[in-house]
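Data first, discussion second: the structure below is written as structure tokens.
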Amino acid sequence: MVWESLLVATSTIQLLTRILKALGIRKDGITPGSFMESIEDRCGGRIFSWVEFLCVRFVRYFDLDNIILSLLKKAPIIVKLLKNGMKRLYSFIRNWWALVLISTLAIVVQRESKKDKTRRLKRGPDNERFNAHLKSYYYFDYVKRLKDDNTDIFPRDTPTENPKICIIGAGLAGLFSALLLKEAGIKDITILEYQDRVGGRVHTHYFTDDPDDERRLYGEIGAMRLPYVEGRPELSPHQLVFDTIDYLNEYNKDDDKKQITTIPFIFSDSNAIYYFNNKKDHTGKLMTKNYSATVEVSQLGYPDTMPSNFLDLWNEALQPFFDVLNTDFTKGLKMLKRYDQHSIYSYLKEVFLPARLPKQAEDYDEIISEFLLSFVDMAIASYTFDNLKYPLSWNTIDKGMQRFPNAFLSLIKKEKMDLRYNSE
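Each residue of the sequence shown is one higher than the last, beginning at 1 in full-length UniProt numbering.
Structure (structure tokens):
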């Protein structure tokens with residue numbers, strides 16, 4: 001059923017594409033943008049399903065924000081038909097993901113059509129970095145530090161009284177809400193947090209209690225990295241986060257300990273620890289790749305012919321699919337369909353490894369026993385994140401992601417907001 005729906009979705013997208021081209025709307029390049037983030041919000045996390053991926057491919061082919069605005073200007077009748085025909089289209093396709101696609105279009109169209117023309121933001125080339133983010137519209141309105149002469153910050157009604165605001169949760173959403181309210185001139189704010197720290201999902205565990213220890217070890221329990229497109233901030237999915245970091249660094253400029261520095265996120269190390277088949281060296285220590293090169297293969301507990309870099313094997317397993325997807329996307333989907341019944345484990349064990357390695361795949365069970373996710377879902381995820389025309393790069397925060405939410409604490413204290421930990 002999913003595949004039949006994909007064919008319907010593909011035909012629908014092709015039809016919409018022809019309409020857009022007929023209206024003279026040009027393809028201006030890839031924009032990961034607001035629509036992808038909206039889909040992620042509605043689907044509760046990362047994009048792993050087929051149709052979510054298809055939607056992402058479509059939004060990266062067109063800049064949907066500008067498309068919708070162009071539709072409003074050039075062809076209001078089409079917008080009206082889209083709005084009136086949404087229920088019929090959903091009942092025809094009969095899949096939950098259609099509601100995701102259609103409701104997202106409806107939200108953007110209705111918001112833009114109802115908005116007073118005098119309140120629309122000027123979106124010149126100097127501020128195109130924000131085009132990709134629906135959420136950035138709020139950032140436009142409320143954060144004054146955006147040094148952009150092309151953006152009109154329109155006056156708002158100043159309340160005659162200072163309203164009392166209560167924010168539930170001191171995660172990043174709650175902290176950012178407090179920042180926006182502060183910029184709007186509202187300061188009587190109470191934040192109720194269930195835990196004894198701020199940050200929510202952003203949670204860094206430090207192995208020592210000395211914050212001045214430059215060498216202390218830490219690990220990320222929650223969020224750990226920030227994606228961006230090198231040299232193209234307008235395409236970076238988390239540009240709003242980087243802008244907020246800049247804002248906080250400016251706010252805390254007199255306190256070096258509160259400054260946030262981003263560094264490259266390290267996915268792997270060529271001299272990382274190797275631990276196969278419960279084998280350690282004679283002193284009981286775990287071995288690194290450099291160490292393992294100096295000992296007998298038999299001591300490591302894996303066959304002589306086993307490649308040392310298993311990541312290369314995984315990339316090799318995916319590359320044939322990527323090659324076909326890049327040249328003929330529909331053909332690539334059909335190729336993946338043949339393996340839809342496989343988990344990563346079963347695909348590597350039953351299909352890829354027997355053809356690639358000289359020994360029976362049972363010898364490698366320990367290596368791949370954790371790979372129980374869907375092979376097709378993981379292939380799609382890898383294609384989305386690692387195989388774009390504008391590939392994603394990744395940063396993290398030096399000395400722990402926890403420094404990001406902690407940087408809000410100075411603002412909360414200075415603005416005399418009431419932050420209550422351990423609230424129930």
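All C-beta atoms, glycine included, are put in the ideal place defined by N, C-alpha and C.
Note that this is a predicted model, so its numbers are computed, not measured.
{"query": "Three CB pairs or more closer than 8 Å across the region 397 to 415 and the region 165 to 177", "result": "yes"}
{"query": "CB contact check: residue 171 to chain B, cutoff 8 Å", "result": "The structure shown contains no chain B, having only a single protein chain."}
{"query": "Residue 229, DSSP secondary structure in three states", "result": "strand"}
{"query": "Residue of 414, 336, 239 minimising C-alpha distance to residue 251", "result": "414"}
{"query": "Residue 393 and residue 230 closer than 8 Å at C-beta", "result": "yes"}
{"query": "At least three beta-carbon pairs within less than 8 Å, the region 314 to 324 to the region 340 to 357", "result": "yes"}
{"query": "Cβ pair residue 194, residue 395 closer than 8 Å", "result": "no"}
{"query": "Three-state secondary structure (DSSP) of residue 261", "result": "coil"}
{"query": "Between the CA atoms of residue 200 and residue 333 - distance to the nearest angstrom", "result": "38 Å"}
{"query": "Backbone secondary structure at residue 393 - three-state DSSP", "result": "strand"}
{"query": "Nonlocal neighbours in the same chain, by C-beta distance under 6 Å from residue 412, ignoring five residues either side", "result": "419"}
{"query": "Same chain, Cβ closer than 8 Å to residue 165, five either side skipped, listed in chain order", "result": "181, 186, 188, 189, 190"}
{"query": "Per DSSP, the bridge partner or partners of residue 410", "result": "Partner(s): none; residue 410 has no beta bridge."}
{"query": "For residue 403, three-class secondary structure by DSSP", "result": "helix"}
{"query": "Secondary structure of residue 419, DSSP reduced to three states", "result": "strand"}
{"query": "Span of the beta strand (DSSP E) around residue 206", "result": "204 to 206"}
{"query": "Three-state class that DSSP yields for residue 251 in the structure shown", "result": "helix"}
{"query": "Close beta carbons around residue 421, own chain, < 6 Å, minus the five adjacent residues each side", "result": "193, 196"}
{"query": "C-beta atoms of residue 321 and residue 335 nearer than 8 Å", "result": "yes"}
{"query": "Residue 401 beta carbon less than 8 Å from that of residue 204", "result": "yes"}
{"query": "Backbone secondary structure at residue 217 - three-state DSSP", "result": "coil"}
{"query": "Beta-carbon proximity of residue 198 to residue 175, cut-off 8 Å", "result": "yes"}
{"query": "Alpha helix (DSSP H) segment containing residue 344, residue limits", "result": "344 to 347"}
{"query": "Contact test: residue 410 Cβ vs the ligand ATP heavy atom, cutoff 7 Å", "result": "This structure lacks the ligand ATP; in fact it carries no ligand of any kind."}
{"query": "Nearest-angstrom beta carbon gap, residue 206 and residue 216 [assumed within contact, 8 Å]", "result": "6 Å"}
{"query": "Start and end residues, alpha helix (DSSP H) containing residue 175", "result": "172 to 183"}
{"query": "N- and C-terminal bounds of the alpha helix (DSSP H) containing residue 333", "result": "329 to 337"}
{"query": "Span of the beta strand (DSSP E) around residue 165", "result": "165 to 168"}
{"query": "Beta carbon of residue 260 nearer than 8 Å to that of residue 245", "result": "yes"}
{"query": "Reference residue 312; option with closest CA among 268, 330, 209", "result": "268"}
{"query": "Bridge-paired residues (DSSP) for residue 189", "result": "165"}
{"query": "Residue(s) in a DSSP beta bridge with residue 199", "result": "171"}
{"query": "Spatially closest choice to residue 253 from 211, 424, 410, by CA coordinates", "result": "410"}
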